[in-house]
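**Q** Submitted below is the structure of interest, expressed as structure tokens.
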Amino acid sequence: MYYFLGLRAITTRSGTREGRTSPDSGLTDSTQTPSISSSHSEYAVQHQGTGKTSRAVDRPQDVSPSSRFASHSDQNKETLTTSIHTKDIANGPSALEPNSTESREDGAATLLHVGCGVDSAQAAEQATSSPLTEQDPWSSSIELLGRFQRFGDVAALQRAITVLEELRSTPAWNDRNSTGLGALGAALLFRFNQLGNLSDLEDAISMLKDAADLAADGRHNQPAFLNNLGSAFLTRFKRLGELIDLEDAMSRQRDAVDLTPDDHPDKPGRLINLGNSFVARFERLGELTDLEDAMSRQRDAVDLTPDDHPDKPGYLNSLGTSFFLRFQRLEELSDIEDAISRQRNAVKLSLDGHPHKPKYLNNLGNSLQVRFNHLGELTDLADAISALGDAVDLTPRGDPDKPAFLSNLGNCLRARFERLGEQNDMDEALAMFKDAIDLTPHDHPRKPECLNNLGCFFQSRFKHLGELSDLEHAISTYRDAVDLVPHGYPQKPKYLNNLGNSLYTRFERFGEMADLEDACSRFKAAVDLTHSDHPDKPVNLNNLGHALFTRFRRLGDLTDLEDVVSTYRNAVDLVSHSYPHKSKYLVNLSIALNARFERFGELADLEEAKAVQRDAVDLE
Numbered sequence: 001m002y003y004f005l006g007l008r009a010i011t012t013r014s015g016t017r018e019g020r021t022s023p024d025s026g027l028t029d030s031t032q033t034p035s036i037s038s039s040h041s042e043y044a045v046q047h048q049g050t051g052k053t054s055r056a057v058d059r060p061q062d063v064s065p066s067s068r069f070a071s072h073s074d075q076n077k078e079t080l081t082t083s084i085h086t087k088d089i090a091n092g093p094s095a096l097e098p099n100s101t102e103s104r105e106d107g108a109a110t111l112l113h114v115g116c117g118v119d120s121a122q123a124a125e126q127a128t129s130s131p132l133t134e135q136d137p138w139s140s141s142i143e144l145l146g147r148f149q150r151f152g153d154v155a156a157l158q159r160a161i162t163v164l165e166e167l168r169s170t171p172a173w174n175d176r177n178s179t180g181l182g183a184l185g186a187a188l189l190f191r192f193n194q195l196g197n198l199s200d201l202e203d204a205i206s207m208l209k210d211a212a213d214l215a216a217d218g219r220h221n222q223p224a225f226l227n228n229l230g231s232a233f234l235t236r237f238k239r240l241g242e243l244i245d246l247e248d249a250m251s252r253q254r255d256a257v258d259l260t261p262d263d264h265p266d267k268p269g270r271l272i273n274l275g276n277s278f279v280a281r282f283e284r285l286g287e288l289t290d291l292e293d294a295m296s297r298q299r300d301a302v303d304l305t306p307d308d309h310p311d312k313p314g315y316l317n318s319l320g321t322s323f324f325l326r327f328q329r330l331e332e333l334s335d336i337e338d339a340i341s342r343q344r345n346a347v348k349l350s351l352d353g354h355p356h357k358p359k360y361l362n363n364l365g366n367s368l369q370v371r372f373n374h375l376g377e378l379t380d381l382a383d384a385i386s387a388l389g390d391a392v393d394l395t396p397r398g399d400p401d402k403p404a405f406l407s408n409l410g411n412c413l414r415a416r417f418e419r420l421g422e423q424n425d426m427d428e429a430l431a432m433f434k435d436a437i438d439l440t441p442h443d444h445p446r447k448p449e450c451l452n453n454l455g456c457f458f459q460s461r462f463k464h465l466g467e468l469s470d471l472e473h474a475i476s477t478y479r480d481a482v483d484l485v486p487h488g489y490p491q492k493p494k495y496l497n498n499l500g501n502s503l504y505t506r507f508e509r510f511g512e513m514a515d516l517e518d519a520c521s522r523f524k525a526a527v528d529l530t531h532s533d534h535p536d537k538p539v540n541l542n543n544l545g546h547a548l549f550t551r552f553r554r555l556g557d558l559t560d561l562e563d564v565v566s567t568y569r570n571a572v573d574l575v576s577h578s579y580p581h582k583s584k585y586l587v588n589l590s591i592a593l594n595a596r597f598e599r600f601g602e603l604a605d606l607e608e609a610k611a612v613q614r615d616a617v618d619l620e
């Protein structure tokens with residue numbers, strides 16, 4: 001008997017963790033990824049059951065672990081400055097394990113971050129009461145941008161861009177060159193977030209660079225331009241994945257924060273934007289210090305902002321997102337509780353019709369699903385489906401966040417099918433996943449998450465219905481997800497683990513060595529790419545050990561046996577006695593040591609195998 005940990009779905013910029021048992025395979029799955037949203041900046045820009053252990057030595061059993069917005073400004077219409085906040089998150093675990101294959105079908109949730117706000121908090125108010133005048137196009141453009149930021153009025157945004165572009169050809173533009181460029185750049189950045197046209201993003205960066213350079217003589221607008229330029233670079237990083245853009249974003253945002261007095265009304269928004277960039281770097285490089293730095297800035301922003309401020313929901317959402325991500329990394333239940341608390345407050349404080357309310361609902365739904373995966377309370381799953389359903393319903397089809405919301409809702413419906421067995425949930429989940437993929441461009445950073453989640457769906461349905469076509473679809477879809485992800489991307493180990501699980505399952509079904517070799521290769525890559533302090537590391541090691549043990553039994557290569565012992569030993573050493581699957585890891589190590597004793601007759605192996613087995617019994 002071996003314990004395997006299986007598929008896990010990944011949570012987009014996300015993240016959920018759901019452990020699932022696969023009765024017919026010894027692997028742990030990483031299934032779906034949720035998406036998280038957060039918000040803020042000067043021009044705010046929007047940027048993801050355990051099975052019982054048996055003592056038989058032959059066959060592994062499955063074990064399932066309970067697996068943009070904000071703006072601030074100087075209320076000075078002449079400055080035309082705007083605050084942009086950006087962010088998206090996607091995360092989720094994955095793994096495979098022998099001596100009880102543990103299937104972690106964690107949906108990759110997409111966490112979305114919000115970001116869009118005009119410099120003056122009054123601008124949006126005036127947009128609803130003050131008539132627009134042809135005599136004062138500067139004021140008109142501010143009011144139009146305020147209306148867009150407050151109500152999501154895209155027609156007002158288009159009109160503001162038209163007014164500003166017309167002003168560029170008049171002598172009046174020369175008197176306010178830097179502020180005009182800053183306002184037009186921010187407006188184009190808003191439009192990119194709405195429509196996804198890369199030319200708008202490139203033009204926004206160019207104009208915001210010029211605005212910041214023109215204000216470098218010490219004019220008071222420079223921090224606003226730097227903040228918005230940082231948001232634009234962060235937006236391009238999230239769209240194209242170039243790390244140089246992220247570094248440029250953080251450099252500008254640090255300068256903006258440093259140049260802003262603590263009592264300035266835009267200080268919280270600029271702190272949030274810098275925090276969002278730290279989160280983006282954490283998601284890309286996996287350094288926990290970046291996440292801690294992000295949370296420090298986000299807490300300061302929340303503490304500096306009263307509850308009746310229109311940006312407070314976005315700041316709470318950003319902080320909630322970071323708690324969510326830290327939970328995924330450290331698995332401290334207090335973090336997911338803190339995430340849900342902040343996200344509930346964000347939803348509660350945001351008015352109906354607020355353009356970022358769907359993102360807050362999405363992130364709340366993802367966190368509730370994660371808590372369901374760990375504690376098994378159906379009320380959490382029902383609340384998650386309700387929140388995610390509202391996010392989908394409130395989001396028009398052309399919105400760039402729609403695919404993430406659809407994919408996250410699909411994850412929850414799949415989880416409810418696995419718990420309650422309602423076929424309608426499975427059918428609806430498939431429709432959601434396919435729709436999400438169809439709406440996501442091939443070169444979009446979230447495409448791999450959507451594919452991974454669909455692959456998890458197919459593998460889950462194969463386990464329940466046994467249709468081989470579903471297994472083939474799972475393998476094909478996982479391959480596409482892996483191929484689209486760059487080598488250093490934090491979610492790649494999860495995608496590799498899921499692909500390895502599906503290949504191992506097919507090997508068990510047909511006995512083709514090519515599938516086993518491919519599975520071993522994928523599991524090894526997942527182990528190599530996972531940080532030693534990441535909670536998925538033991539799972540990935542255990543799954544690799546299981547696949548190598550299977551290959552040893554098939555081919556008799558003693559190198560594999562040595563690797564099995566060391567791999568299982570590493571998995572055991574990485575977990576505490578309170579870890580829920582420690583006993584299963586110990587059983588796997590005991591089996592491997594016993595196999596080595598039978599091969600070489602070393603009594604030390606037999607004695608250690610017995611001792612390890614006793615430790616496993618004591619933990620059960």
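Residue numbers (the UniProt record's numbering): 1 to 620. Think of the CB as a built atom: it goes at the ideal place given N, C-alpha and C, for glycine as much as any other residue.
Helix, strand or coil, according to DSSP, for ASN497 in the structure here?
**A** Reading the sequence shown from its first residue, position 497 is the one you call residue 497. DSSP places ASN497 in helix when its eight states are reduced to three.
**Q** Would you check if the stretch 253-269 and the stretch 280-290 touch, i.e. whether three or more CB-CB distances between them fall below 8 Å?
**A** Touching, no.
**Q** With distances taken from CA atoms, which of LEU364, ASP438, PRO396, SER532 is nearest CYS412?
**A** Indexing the sequence shown from 1 puts residue 412 at position 412. Selected option, being the one with the closest Cα: LEU364.
**Q** Quick one, which of LYS447, PHE278, THR260 has its alpha-carbon nearest LEU243's?
**A** Reading the sequence shown from its first residue, position 243 is the one you call residue 243. For the residues LYS447, PHE278, THR260, the minimum Cα distance to LEU243 belongs to PHE278.
**Q** With distance defined between alpha-carbon atoms, name the residue in LEU381, ALA211, ALA571, ASN373 nearest to SER532.
**A** As a first step, residue 532 is located in the sequence shown; it is residue number 532 there, counting from the start. Nearest of LEU381, ALA211, ALA571, ASN373 to SER532, Cα basis: ALA571.
**Q** Put GLN491 into one of helix, strand or coil per three-state DSSP.
**A** Here residue 491 refers to the residue found at position 491 of the sequence shown. Here GLN491 sits in coil by DSSP.
**Q** Any chance the stretch 416-424 sits against the stretch 396-406, with 3 or more Cβ pairs inside 8 Å?
**A** No: the two stretches stay apart, fewer than three of their Cβ pairs being nearer than 8 Å.
**Q** If you draw a straight line from the C-alpha of GLN613 to the C-alpha of GLU332, how long is it?
**A** The count along the sequence shown starts at 1 and reaches residue 613 at position 613. The count along the sequence shown starts at 1 and reaches residue 332 at position 332. Each residue's Cα considered, the two are about 28 Å apart.
**Q** Measure the Cβ-Cβ separation of LEU454 and ARG506 and say whether it is below 8 Å.
**A** Position 454 of the sequence shown, counting from 1, holds the residue named residue 454. Position 506 of the sequence shown, counting from 1, holds the residue named residue 506. No, the pair does not count as a contact, with Cβ atoms beyond the cut-off.
**Q** Quick check on the burial criterion: 16 or more other C-beta atoms within 10 angstroms. Buried or exposed for LYS348?
**A** As a working mapping, residue 348 is identified with position 348 in the sequence shown. When all chains shown are included, LYS348 counts as exposed.
**Q** For ALA429, I'd like the list of residues in its chain whose CB is within less than 7 Å of its CB, leaving aside the five on either flank, ordered along the chain.
**A** As a working mapping, residue 429 is identified with position 429 in the sequence shown. Only GLY410, LEU413, ARG414, PHE417, PHE457 meet the Cβ criterion.
**Q** Give the straight-line distance between the Cα atoms of PHE233 and GLU247, rounded to the nearest whole angstrom.
**A** As a first step, residue 233 must be located in the sequence shown, where it is residue number 233. As a first step, residue 247 must be located in the sequence shown, where it is residue number 247. Roughly 9 Å between the two C-alpha positions.
**Q** Between the beta-carbon of ALA387 and the beta-carbon of LEU406, is there less than 8 Å?
**A** Position 387 of the sequence shown, counted from the first residue, corresponds to residue 387. Position 406 of the sequence shown, counted from the first residue, corresponds to residue 406. No, Cβ-Cβ distance for ALA387 and LEU406 is not below 8 Å.
**Q** Which class does ASP560 belong to by DSSP, given the choice of helix, strand or coil?
**A** For the purposes of this step, residue 560 is taken as the residue at position 560 of the sequence shown. The answer is helix: DSSP assigns ASP560 an H, G or I state.
**Q** Under three-state DSSP, which class holds ARG446?
**A** The count along the sequence shown starts at 1 and reaches residue 446 at position 446. Three-state DSSP puts ARG446 in coil, outside helix and strand.
**Q** Mind pulling the alpha helix (DSSP H) runs of 4 or more residues that sit fully within the stretch 552-598?
**A** Within the stretch 552-598, the complete alpha helix (DSSP H) runs of at least 4 residues are 558-573.
**Q** Candidates ALA481, LEU555, LEU586, ASP515: which alpha carbon is nearest ASN542's?
**A** Residue 542 sits at position 542 when you count from the first residue of the sequence shown. That would be LEU586, whose Cα lies nearest to the Cα of ASN542.
**Q** Kindly indicate which three-state DSSP category VAL485 falls into: helix, strand or coil?
**A** Locating residue 485 in the sequence shown gives position 485, where the first residue counts as 1. Note: VAL485 maps to coil in three-state DSSP.
**Q** Could you check how far apart the C-beta atoms of ILE161 and LEU184 are, in whole angstroms? I think they sit under 8 Å.
**A** One-based indexing of the sequence shown puts residue 161 at position 161. One-based indexing of the sequence shown puts residue 184 at position 184. Sure, about 7 Å apart at Cβ, within 8 Å.
**Q** Is THR235 close to chain C? Criterion is C-beta to C-beta, closer than 8 Å.
**A** The structure shown contains no chain C, having only a single protein chain.
**Q** Between GLY275, ALA216, ASP303, which lies nearest to THR321 when the distance is taken from Cα to Cα?
**A** Against the sequence shown, residue 321 aligns to sequence position 321. Minimum Cα distance to THR321 is reached at GLY275.
**Q** How would you label MET513, buried or exposed, when you count the other beta carbons within 10 angstroms and need 16 or more for buried?
**A** Within the sequence shown, residue 513 is the residue found at index 513, counting from 1. MET513 is exposed by the Cβ-count criterion.
**Q** Under a Cβ-count criterion, where at least 16 other Cβ atoms within 10 Å of its own Cβ denotes burial, should PHE327 be classed as buried or exposed?
**A** Here the question's residue 327 lines up with position 327 in the sequence shown. Under this definition PHE327 is a buried residue.
**Q** Is the stretch 190-199 touching the stretch 166-180 in the sense that three or more CB pairs, one from each, lie closer than 8 Å?
**A** The answer is no - the stretch 190-199 does not touch the stretch 166-180, with fewer than three Cβ pairs under 8 Å.
**Q** Between the C-alpha atoms of SER178 and LEU214, what's the straight-line distance to the nearest angstrom?
**A** Stepping through the sequence shown from its first residue, residue 178 is reached at position 178. Stepping through the sequence shown from its first residue, residue 214 is reached at position 214. Spanning the two alpha carbons is a distance of roughly 6 Å.
**Q** Confirm, please, whether the CB-CB distance from MET295 to LEU319 is below 8 Å.
**A** Within the sequence shown, numbered from 1, the residue matching residue 319 stands at position 319. Within the sequence shown, numbered from 1, the residue matching residue 295 stands at position 295. Cβ atoms of LEU319 and MET295: closer than 8 Å.
**Q** Whole angstroms is fine: what's the gap from CYS116's alpha carbon to GLN149's?
**A** Locating residue 116 in the sequence shown gives position 116, counting from the first residue. Locating residue 149 in the sequence shown gives position 149, counting from the first residue. Residue placement at CYS116 cannot be trusted, given a pLDDT of 33 that sits under 50; the coordinates are not used to answer.
**Q** Would you kindly check if the distance between the Cβ of ASN452 and the Cβ of ASN497 is under 8 Å?
**A** Position 497 of the sequence shown holds residue 497. Position 452 of the sequence shown holds residue 452. No. Outside cutoff.
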